[in-house]
Amino acid sequence: LQASSDAMLDPQVLLDAATDPSGQIVDFLYAEVNQAACDYLGLSREELLGSGVVETTPGIKGTLLPGYLRRLDSGEPLLLDDFTYDNEILLDTRLYDLRVTRATPTSLVLTWRDVTERFQGAQRIANSERDYRLLAENSSDIVIHVRDGRFAWVSPSVAEVLGAPPAYWVGRQVREIIADEDAAAVADRLATLNAGGTVRQRIRVVGVDG
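Quick note on numbering: the sequence shown equals residues 18 to 227 in this note's numbering.
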């Protein structure tokens, strides 16, 4: 079991409930840890075994500990995605996908994955898309996103040139604005774009004035 656990890429620990003299659970002690957990926390197995979760990461007492206790009572797993925690061991705020399951009436298995970089990457993409959208929406040039030969998105400036607002064009065929004599050439260019290529050529479109 230890060899199998140590082969896991994600940290995994077995936690035993620790009670006070009145029998109240006040902490969970590390009963077993895999190598990934040691590597992530920067602590050896010997340093972790027997120490308390609340002792090593006090912030858990007001955040995760109540959920741990409910897992012991109900037996239902605890599933948390993008959970933000100020990790006292790493001295950094990180985001985690957490999975907690009951192993015995007094013990839990905790597995986690640090998803901070994934979350930050998604945020950077979202911010980049937002910035691009702001530029496109406030540009006097027409910016068009074409998917499968149809308008997927059109900047507001399209109304002045083509005579209808963006909402009118979304979903319509691009060929509707192409001069008949240029239709074949434009189809070839769209095929090039769909194949991942780049096209830098002038095309003629039919404006609001014909």
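Beta carbons are placed, not taken as given, at the ideal position from N, Cα and C, and that holds for glycine. In this text the structure is predicted, and so the values were computed from the model without any measurement.
**OP:** Compare the Cα-Cα distances from Ile-159 to each of Thr-118, Ser-145, Val-222, Glu-105 and report the closest residue.
**Re:** Taking only the C-alpha atoms, the option nearest Ile-159 is Val-222.
Subject >> Sheet register partners of Trp-186 (DSSP bridge) >> reply: For Trp-186, no pairing in a beta bridge is given by DSSP.
Subject >> C-alpha distance - Arg-192 paired with Asp-103, whole-angstrom precision >> reply: Using only the alpha carbons, I get a separation of about 54 Å.
Subject >> Neighbour-count burial assignment, Ala-54, 16 or more Cβ in a 10 Å radius >> reply: Taking all protein chains shown into account, Ala-54 has 16 or more neighbouring C-beta atoms within 10 Å of its C-beta and is therefore buried.
Original post:
Helix or strand or just coil, what does DSSP make of Val-50?
Top reply: Correct three-state label for Val-50: strand.
**OP:** Confirm, please, whether the CB-CB distance from Leu-125 to Arg-88 is below 8 Å.
**Re:** Between Arg-88 and Leu-125, the gap from beta carbon to beta carbon is short of 8 Å.
**OP:** List in chain order: all unbroken beta strand (DSSP E) runs of 3+ residues lying wholly within the region 93-157.
**Re:** Counting only runs of 3 or more residues that sit fully inside the region 93-157, the beta strand (DSSP E) segments are 95-104, 109-121, 124-131, in chain order.
Original post:
Under the rule that 16 or more other beta-carbon atoms within 10 Å means buried, what is Tyr-113, buried or exposed?
Top reply: With 16 or more other Cβ atoms within 10 Å, it is buried.
Original post:
Rounded to a whole number of angstroms, what is the C-alpha to C-alpha distance between Glu-93 and Arg-116?
Top reply: Whole-angstrom Cα-Cα distance: 11 Å.
Original post:
Looking only at DSSP bridge pairs, what is Asp-44 linked to?
Top reply: Its beta-bridge partners are Ala-35.
**OP:** Note down the Cα distance separating Phe-45 from Ser-21, rounded to an integer number of angstroms.
**Re:** Near 23 Å, if we compare the C-alpha coordinates of Ser-21 and Phe-45.
Original post:
Hey, would you say Tyr-47 sits closer than 8 Å to Ser-68, going by beta carbons?
Top reply: Ser-68 sits close to Tyr-47, with the two beta carbons spaced by under 8 Å.
Original post:
If Ser-172 and Pro-183 are in contact, beta carbons under 8 Å, what's the gap, nearest whole angstrom?
Top reply: Their Cβ separation, rounded to whole angstroms, is 7 Å, which keeps Ser-172 and Pro-183 in contact under 8 Å.
Original post:
Roughly how many whole angstroms lie between the Cα atoms of Arg-119 and Leu-95?
Top reply: Going from the Cα of Arg-119 to the Cα of Leu-95 covers about 9 Å.
Subject >> Same chain, Cβ closer than 6 Å to Ile-106, neighbours up to 5 away in sequence not counted >> reply: Around Ile-106: Leu-58.
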